[in-house]
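Numbering (the numbering used here), first residue to last: 867 to 1188. All remarks here apply to the structure that follows.
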């Protein structure tokens, strides 16, 4: 059953062949990392980088190695270069320009995706990125993680929901840039209602995609210290699967689901260890969809049609008169 709008299926339909994202590192950092702060509490010293990134290589070598690996393992024929760890717009304009130009010069690269924070995308940076969006398939991936101020403060994100909304709206004014949000399920002190509220806010924005991540407690992170002190629990696989379905039910079908769980390198991961079995987690989520007989958008409440609004108003008036 087609439970949700799958990003991988979208890519197959768009390009006509298997397309794989190749994560790479520019070796940059984040605006909330300095001598006194390690940045977000869940990040380690690699910026939560994908385990397949080889950041000691040049950018071209990273791309070529990633293309070779994905061709062999996934039989991919096209590749999206994904600038993944840290904040990839927190750097001089010239550096990003050179990186984007280089990425597009590699054979079989069909697109670019740029991961960054919503508080470090100045207008001149967006103008540059928009110029590349006229040449290739391009995504901006903004880290929101949570819509709640108390959570953003607790995990030391250093930006607000307002920053995220501003970045999304400014980016969508540019032509041909696709925009996605990153959210995390399992953050300390967040309950089901908090997670659903974040989903409803995401659903109300002009977004093209979303990545839903499980909170990974990495050994070299501030969050690991809190976890070892017993200050918060981690979710079970069943709890996580249930929450993922809660979120996707509230998103319109127009939002592509780019990820429903995350991967971590075993040697860097403290907890939860069950997330290392990625396919088992995905199966648990699909089983939850099946059990509920539900799917993406079933509980989406924004953007009512005029007829639906009229019906609800008439029902309300009738109930008062009756």
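For each residue, glycine too, the CB sits at the ideal point set by N, CA and C.
Assuming residue i is part of the alpha helix (DSSP H), what are its boundary residues?
i, result
"residue 1092", "1088 to 1094"
"residue 1160", "Looking at the DSSP string, residue 1160 is not in any alpha helix (DSSP H), and its letter there is neither H nor E."
"residue 1105", "1103 to 1115"
"residue 1121", "First-last for residue 1121: undefined, no H or E at that position."
"residue 891", "Residue 891 -> no alpha helix (DSSP H), and no H or E assigned at all."
"residue 937", "925 to 940"
"residue 964", "959 to 971"
"residue 1031", "1027 to 1038"
Considering only residues of the same chain and omitting the five flanking positions on each side of residue i, which have a CB-CB separation below 7 Å?
i, result
"residue 872", "1123"
"residue 870", "1114, 1123, 1161 and 1162"
"residue 874", "none"
"residue 1026", "1015 and 1018"
"residue 1152", "869"
"residue 940", "884 and 886"
"residue 1164", "1115"
"residue 1172", "Unreliable placement is indicated for residue 1172, whose pLDDT of 48 sits below 50; no coordinate value is reported for it."
"residue 879", "none"
"residue 1166", "1069, 1116, 1117 and 1118"
"residue 1158", "1111"
I'd like the list of long-range same chain contacts for residue i, defined as Cβ closer than 8 Å, with 5 residues on each side in sequence excluded.
i, result
"residue 1063", "1013 and 1014"
"residue 882", "none"
"residue 1036", "987, 989 and 992"
"residue 1120", "871 and 1074"
"residue 1038", "1045 and 1072"
"residue 959", "990, 991 and 994"
"residue 1097", "1054"
"residue 1021", "906, 907, 908, 1011, 1012, 1053, 1054 and 1089"
"residue 1034", "984, 1008, 1045, 1047, 1071, 1072 and 1073"
"residue 1144", "1127 and 1129"
"residue 852", "An answer regarding residue 852 cannot be provided, because it is not within the stretch 867 to 1188 covered by the chain."
What does residue i pair with, by DSSP beta-bridge criteria?
i, result
"residue 1049", "1011 and 1078"
"residue 1068", "Note: residue 1068 sits in no beta bridge, so no partner."
"residue 1135", "1084"
"residue 1044", "1005"
"residue 885", "944"
"residue 872", "1123"
For the beta strand (DSSP E) containing residue i, list its first residue and its last residue.
i, result
"residue 1002", "Note, residue 1002: premise wrong, no beta strand (DSSP E); not H, not E."
"residue 895", "Where residue 895 is concerned, there is no enclosing beta strand (DSSP E), given that its DSSP letter is neither H nor E."
"residue 946", "944 to 949"
"residue 982", "975 to 982"
Which whole-angstrom value is the C-beta distance of residue i and residue j, which I expect to be below 8 Å?
i, j, result
"residue 1155", "residue 1111", "6 Å"
"residue 1103", "residue 1147", "6 Å"
"residue 948", "residue 979", "4 Å"
"residue 885", "residue 969", "In fact, because the Cβ distance is near 14 Å, the residues do not count as touching under 8 Å."
"residue 1081", "residue 1050", "5 Å"
"residue 934", "residue 972", "Incorrect: roughly 11 Å between the Cβ atoms, too far for contact."
"residue 1065", "residue 1101", "Not quite, the Cβ-Cβ distance comes to about 16 Å (not below 8 Å), so this is no contact."
"residue 996", "residue 1041", "7 Å"
"residue 923", "residue 965", "With a Cβ gap of about 14 Å, residue 923 and residue 965 do not count as contacting."
"residue 974", "residue 932", "That pair is no contact at about 11 Å."
Return the chain-ordered list of same chain residues with a C-beta closer than 6 Å to the C-beta of residue i, the five sequence neighbours on each side being excluded.
i, result
"residue 1089", "907, 908 and 1083"
"residue 1168", "1069 and 1070"
"residue 946", "887, 977 and 979"
"residue 1109", "1051 and 1061"
"residue 889", "916, 919, 948 and 950"
"residue 1079", "1050 and 1128"
"residue 1150", "1103 and 1107"
"residue 895", "952"
Within 8 Å: the Cβ of residue i and any heavy atom of the ligand FAD?
i, result
"residue 939", "The ligand FAD is not part of this structure, which contains no ligands at all."
Fill in: Cβ contact check for the segment 1130 to 1138 and the segment 1085 to 1101: 3 or more pairs under 8 Å
yes
Worksheet item: Are the segment 994 to 1011 and the segment 1027 to 1036 touching, with three or more C-beta to C-beta distances below 8 Å?
Response: yes
Worksheet item: Are the segment 892 to 900 and the segment 1042 to 1049 touching by the rule of at least three beta carbon pairs closer than 8 Å?
Response: no
Item to complete: Report yes or no: do three or more beta-carbon pairs, one from the segment 947 to 956 and one from the segment 975 to 990, lie closer than 8 Å?
Response: yes
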